[in-house]
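For this note's numbering, count along the sequence shown from 1 and bump the result up by 6.
For glycine and all other residues, C-beta sits at the position ideal for the given N, C-alpha and C.
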Amino acid sequence: MSEPTKTKNGLLENAFRGSFWNTRITSANVGKKELWLGYVAGPFGAMLLQSIVNSYFNQYLTDVLGFTSSMGLWIGTFMVLFPLFSKILDAITNVLMAKVLDNTTCRQGKLRPWLILSLPIMVVSLMMLFWIPFSNPVVMAIWIIVAYNLFYSVGYTMWYMSYELTAALSTRNFQQRKNNSMAGQITKNIGTGIISILFPTILTAISGMVGNTRDGYLVCMAVMCCIAVPLTFVQYFFTRERITEERRNQYGVTGQPQGQTLVKEASFVEQFKACIRDKYWIMLILMILIYQVLNAMRSVAQVYYSGWVVNGNAYGEYASIQAKFTMISMAPMGPGLLLLLPLFKKFGRTKVIVVGSVFAAVGAFAAFLSVGQTGAIYGGTAIYSIGAMALIYSMLTFVGDAIDHVEYSRGVRVEGLTAAVVGFAEMFSKGIGQALFNLGLVVTKYVQPEVVGSFINNDGDQILLYADQTQAATNWINFSYQGANMLTGVLFFILFAFFFKIERDMPTVQRSLEEKKRKECEAQGIEYIPQSVLEKQERALQAQEAEENRIKELKEKCAKKGLDFEAENQKVLAKRAAKEAKKAAKKAKKVK
7 MSEPTKTKNG LLENAFRGSF WNTRITSANV GKKELWLGYV AGPFGAMLLQ
57 SIVNSYFNQY LTDVLGFTSS MGLWIGTFMV LFPLFSKILD AITNVLMAKV
107 LDNTTCRQGK LRPWLILSLP IMVVSLMMLF WIPFSNPVVM AIWIIVAYNL
157 FYSVGYTMWY MSYELTAALS TRNFQQRKNN SMAGQITKNI GTGIISILFP
207 TILTAISGMV GNTRDGYLVC MAVMCCIAVP LTFVQYFFTR ERITEERRNQ
257 YGVTGQPQGQ TLVKEASFVE QFKACIRDKY WIMLILMILI YQVLNAMRSV
307 AQVYYSGWVV NGNAYGEYAS IQAKFTMISM APMGPGLLLL LPLFKKFGRT
357 KVIVVGSVFA AVGAFAAFLS VGQTGAIYGG TAIYSIGAMA LIYSMLTFVG
407 DAIDHVEYSR GVRVEGLTAA VVGFAEMFSK GIGQALFNLG LVVTKYVQPE
457 VVGSFINNDG DQILLYADQT QAATNWINFS YQGANMLTGV LFFILFAFFF
507 KIERDMPTVQ RSLEEKKRKE CEAQGIEYIP QSVLEKQERA LQAQEAEENR
557 IKELKEKCAK KGLDFEAENQ KVLAKRAAKE AKKAAKKAKK VK
C-alpha cells in the first residue's frame, strides 16, 4: 500500500493543528448529535446576525435615521444604489472566497476553519452598523457603506460560503446529506421567524429602557453577538467534511494511515466549462437567484407590511402586529414540518414541491387582495407558509446533488465555482431585492413616519398615531410582500412540474461516482471502501454492540431479581420477531 503524499501546499496548512481544534464527530454516519448541533443549533448564531441586518437595517435607515427622499434627492438615490453596488462588491468577494476555499489545505478541512475566522469581522462590523458616531448625512453614508460591506462582503461571506458547502461535503450518502441541508434550512427559516416574533418586542422594551430607538438597536446588537459567538463554535466542532477527507485519504476514512493526499482541484475555468454544460446546475442557479430576489423584497418589506398593511395604518403598533402576524402565519410550519419529512420519503422532494407550490400561490394571492383585512391576511399567509415549506426547506438540498451530477456528467468536481456562484446569486439577489423595494418607496413617495397624536389602549399603554403614507406606497409594500410570495409559488410550480428532474437521476449518479472512486484508488494501490459500505459496517457494528449490551444488562437484571435469563431473553426475541414480521407484512402489502 502506497504512503499518502502531499502534492501541494495551501492556505491554513499549519493552522488549527492542535487536537483541540479537531471535530467532535468521529462517526462515518451523520448522527443526531451532528445533525442537531452542527446543522440546527450552531448555524443559528451567524444567521441570527444576518437575519436582523437583512430584515431591520433598511427600516433603521428610513425610519430611525430618516434616510428617505424627503431628506434630499441624493438620499433617495443612495438608498437605491447603495445595496445594489454593495452586492456587486459582495459578488466579487464571493468569487475570491471560493478560490480561497479551493486552496485551503488545513487539516480540519477546507470549510470549517473559516467559520471561526469570520466571527471577529462579523461582530465588529455589526456593531459599526448600529453605532454611527456622526450627524452629517454624507459622513454617515460613508460609514454605512464601509460597515455594511465589511459585514456582508467580508465576514458573512467567509461564514456563509463555508456553511453553504458543509452539507454537500458532509457525506456521499445523499439521504443523510439531504437531511443535513434541510436541517440548515429549518434553522434559517424558523430562526428568521423567531427573530420576526421576538426582536421587535425586545427592541421596543430595550428602547424604552435606554430612552430611544437608536440606542435600543445598539444594545440589542451587543446581546445578539453574545449569542452568536458560542453557537458558531458549536457549529465548528460538531460538523465534519467526510468528502474532503475521502478526497485527501485523511483520518483513515479510506483505510489509510493518518495523513493526507491533497487532490489538485480543477481550475475555475475548467469548473465553469463543466457547469454550463449541465442543465440541472444551470436551472438550480437560476432558481436560487430568482427566489432570493423575491425573498429579499419580502424580508425587507415585512416590517413595513406589519405597520401599514396588515391592520391598515397601525405603525404605532407594528412591533406587536409583526409578532402576532408572524406567529399566526407561521404556526402551521411546526406541525407541517413533522409531515414534510415522511412526505419527502414517500413521494420524493419534487412531487411534494409541485403540490406545495400550488398552495403557496393561492394563499399569497388571497392575502394580496385583503389589505387591512387581518383575518384574511393571516389565513392566506398561513396557507402560503404550508405550501412553501417543501420548497424553502429543500431547495439547497439540491446543491450537493447538482455538484455530484456535474462530476457524473463531466468528470469535474465543482464545489469551488458552485460556492462562488450560489453565494453570488444569494448575496447579489439580496441587493437587487432591497434596491427594488427602496426604488418603489422613492417612486411612491414613502416618508419617515410622522407622529400626529396618540391614544391609550386597553392595556393602558400609550400608542403613537402616525400620518398616512400615500396609497401608492401602501400598495407597493403589499406587492413587495404578498406579490413576491405569489410569484414564488408560480415559479417553482413551473420549474419542478416540467423541467427540474434531478432527484430521479441521483441513484444512478451515486453508483457511478462510487465505481469511479474505486477504480482511481485501485490505480494508486489504495483500498477503497465506499461510503455506503462504511455506513453499513458501522450500523452492523453498532447493532452488535447494542445487542451485547442488552444481553449483559438482562443477565444482570435476572441475577439481581432471580429470573430465568433464557426465558426472559426469549420474550425479548419473540417480541422483536413479531415486530419484524409486522414490518415485513406491511412492506409486502405495499408491493402488491
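For the 7 Å CB-CB criterion, A234 and K436 do not form a contact. Taking the C-beta atoms as reference points, G406 is found no nearer than 7 Å to Q241. Counting only runs of 3+ residues, the beta strand (DSSP E) found wholly inside the stretch 412-478 occupies 457-462, 468-472, in chain order. Spanning the alpha carbons of C112 and R118 requires a straight line of approximately 9 Å. DSSP links T110 through a beta bridge to L17.
Going by DSSP, K523 is part of the alpha helix (DSSP H) stretching over 508-529. If you draw a straight line from the Cα of F485 to the Cα of T380, it is about 16 Å long.
Between the stretch 355-365 and the stretch 483-501, the count of C-beta pairs closer than 8 Å reaches three or more; the two stretches touch. No Cβ-Cβ contact shorter than 7 Å links L224 with T110.
A Cβ-Cβ contact shorter than 7 Å links L300 with A490. Scanning its chain for C-beta atoms nearer than 8 Å, with the 5 sequence neighbours on each side dropped, one finds around L107 the residues K116, L117, W120, M167, S168, L171, E421, G422, A425, in chain order. Within the stretch 138-208, the complete alpha helix (DSSP H) segments at least 4 residues long are 143-155, 163-172, listed from N- to C-terminus. For V315, the three-state secondary structure derived from DSSP is coil. Shown here, E247 sits in coil according to DSSP, grouped into three states, outside any helix or strand.
Residue range 380-400 is occupied by the alpha helix (DSSP H) that includes G385.
Excluding sequence positions up to five before and after G322, its CB lies within less than 7 Å of the CB of I469, L470, L471, Y472, all in the same chain and listed in chain order. Looking at the backbone, the Cα of E553 and that of L560 are separated by about 10 Å. Taking the Cα positions, Y390 is about 13 Å away from F331. DSSP, read as helix, strand or coil, puts T29 in coil. Taking every protein chain shown into account, the CB of V144 has fewer than 16 other CB atoms within 10 angstroms, so this residue is exposed.
By the neighbour-count criterion, in which a residue is buried when 16 or more other Cβ atoms sit within 10 angstroms of its Cβ, N463 is exposed. The straight-line gap separating the alpha-carbon atoms of R23 and T29 is approximately 12 Å. DSSP places I233 within a helical segment (H, G or I) once states are collapsed to three. Less than 7 Å divides the Cβ of G386 from the Cβ of A372.
Residue environment for F461: exposed (fewer than 16 other C-beta atoms within 10 angstroms of its C-beta). A549 and K279 have their alpha carbons spaced roughly 46 Å apart. Proximity of the stretch 173-183 to the stretch 146-155 falls short of the contact definition, fewer than three beta-carbon pairs being nearer than 8 Å. In the assembly as shown, N444 is a buried residue. Its beta-carbon has 16 or more other beta-carbons within 10 Å. Around the Cβ of M215, a 10 Å sphere holds fewer than 16 other Cβ atoms; the residue is exposed. Ranked by Cα distance from M77, the first of N319, A573, K451 is K451. Residues L560, C564 of the same chain have their beta carbon placed closer than 7 Å to that of E574, with the five preceding and five following residues left out of the count. D474 is a Cβ neighbour of N319, given a cutoff of 7 Å. Distances from the CA of S187 to each of Y384, L135, Y399 were compared; the closest alpha carbon is that of Y399. Of all alpha-carbon atoms in G217, C226, T193, V515, the one lying nearest the alpha-carbon of T207 is that of C226.
Taking every protein chain shown into account, the CB of S131 has 16 or more other CB atoms within 10 angstroms, so this residue is buried.
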